[in-house]
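First the structure, in the form of structure tokens, and then the observations on it.
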Amino acid sequence: MDSNNTHDYVEISVYSVITCFVLAVSCVIICESVLVIVIICRTTNLHTNTDIIVASLCANDILLCMAYIVHALMSTVVFRTDQLINKSVTSLVLGIAFGTTFTSFMHMGFVSVDRFIFISHPFYYIKNMTRERNFKVLLALWITGLVYMIIPVFVYTDSKYHQQLILTNPPFEYTCVVYITFIINTFIASTCYFKIARVAFHHNKASNVRRLHSTNGNGEIALSLNRQAAMKSVKFFAVTFGLHLALSSPMLIVSAINFVIEVPNYVFVLKSFVYLVNSLMNCLIYAFMRKAFLKTLRSTIADGLKCCFRRTH
């Protein structure tokens, strides 16, 4: 009896620590994502297609972290509800967790195509890929993602789906959509970034040839600066895609293995933390690779500190 009590105490302690960690990291991600969205909305220079897509990804991360927070609270003894409500909330958390993953993959595929057209066909991009069309594409992605998120609330609230924890044993027919989306968008993004690398290589080679035979140094410098500015946004999304691929793959692999062999719960906890790190890193990468945003962030913090000092004095 004593050994059982000790085991239960250790298990409760471990889950309490994990819950606190999830809550803390999720709150940090929500705060930094809200900060990114607010700064992008308030800064005219950041009203570009690239920054709008980043703001959309941050909104997706906020939704994911809210699902993590609800799940963490439901895992503690503090949060107890009616059984029917509990099933509905658990199904909603399942939908948000997989729905935000689905939406995130769709964003990665869309932005890779967007950057490929931007680099390979700049005049076509400027003429056709307006801010309004960018909003329409993102709206379509979000509507599709939201529909996918609410499906479990109407389909998977029956008791037969909750005999085991549905978050660690989700229905295959529901999760296969995420796997298919992951494979398709990974192929699209990999192909686009590979072609972008080839275009950049040929542009650099042609630029060197023109530099040897050109007498118009100012024009060549301006063209070079424009190419460098275009490639910076590509580098940001390429890094984000690589990180997203590296940190989301374990989650999908573990979930796929669980359909064949039962995976311990702590493995699910670890893969969830790994995916949570992806959301944490997105804003940090954007802050360090987007100088205009970093400059605005510094000025915003400085203005906030000045206001605080004025009030104290």
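Residue numbering for the sequence shown follows our numbering, beginning at -17 and increasing consecutively. Here a beta-carbon is modelled for each residue, glycine too, at the ideal position from N, C-alpha and C.
So residue i packs on residue j, CB below 8 Å; how close in whole Å?
i, j, result
"Leu121", "Thr85", "Contact flag wrong, Cβ pair sits at about 12 Å."
"Met263", "Leu225", "6 Å"
"Thr82", "Leu46", "4 Å"
"Pro232", "Val256", "5 Å"
"Pro134", "Leu74", "7 Å"
"Thr157", "Ser237", "6 Å"
"Ser15", "Cys265", "6 Å"
"Thr222", "Ile21", "Contact flag wrong, Cβ pair sits at about 18 Å."
If you reduce the DSSP assignment to three classes, tell me which class residue i lands in.
i, result
"Pro104", "helix"
"Leu205", "Because Leu205 sits at a pLDDT of 48, beneath the cut-off of 50, its placement in the model cannot be relied upon, and the following sentence gives the value as read from the coordinates. In the structure shown, Leu205 sits in a helix (DSSP, three-state: H, G or I)."
"Leu194", "Residue confidence is low: Leu194 scores 48 on pLDDT, short of 50, so the model does not pin down where it sits. Its coordinate-derived value is still stated next. Leu194: helix per DSSP, three-state reduction."
"Arg280", "helix"
"Met263", "helix"
"Tyr138", "coil"
"Asn31", "helix"
"Thr25", "coil"
"Gly199", "Low confidence applies here, because Gly199 scores a pLDDT of 48, under 50, leaving its location unreliable; read the following figure in that light. DSSP places Gly199 in helix when its eight states are reduced to three."
"Val60", "Low confidence applies here, because Val60 scores a pLDDT of 48, under 50, leaving its location unreliable; read the following figure in that light. It is coil, neither helix nor strand."
"Asn116", "helix"
"Ile78", "helix"
"Arg272", "coil"
"Ile19", "helix"
"Phe92", "helix"
"Val236", "helix"
"Ile166", "helix"
"Val242", "coil"
"Ala188", "For Ala188, the predicted structure reports a pLDDT of 49, less than 50, and the residue's modelled location is therefore unreliable. A value from the coordinates is still provided. Ala188 falls in the helix class under three-state DSSP."
Looking only at C-alpha atoms, which of the options sits nearest to residue i?
i, options, result
"Val159", "Lys217, Phe80, Val221", "Phe80"
"Pro104", "Ile178, Lys273, Leu234", "Ile178"
"Ile99", "Leu234, Val(-1), Val236, Thr32", "Thr32"
"Asn27", "Thr278, Asp285, Phe291, Ala284", "Thr278"
"Gly91", "Tyr138, Glu14, Val119, Gly286", "Val119"
"Tyr161", "Thr112, Val18, Ile132, Met88", "Met88"
"Leu76", "Leu17, Ile108, Phe136", "Phe136"
"Met131", "Met56, Thr112, Ile78", "Ile78"
"Ser94", "Ile166, Tyr175, Ile243, Lys288", "Tyr175"
"Arg97", "Thr72, Val52, Ser172", "Ser172"
"Val337", "Ile165, Thr72, Ala49", "Here the chain covers residues -17 to 295 and nothing more, so residue 337 does not appear."
"His53", "Val181, Val4, Leu17", "Val4"
*Can you find at least 3 beta carbon pairs, one from the stretch 258 to 276 and one from the stretch 23 to 37, that sit closer than 8 Å?*
yes
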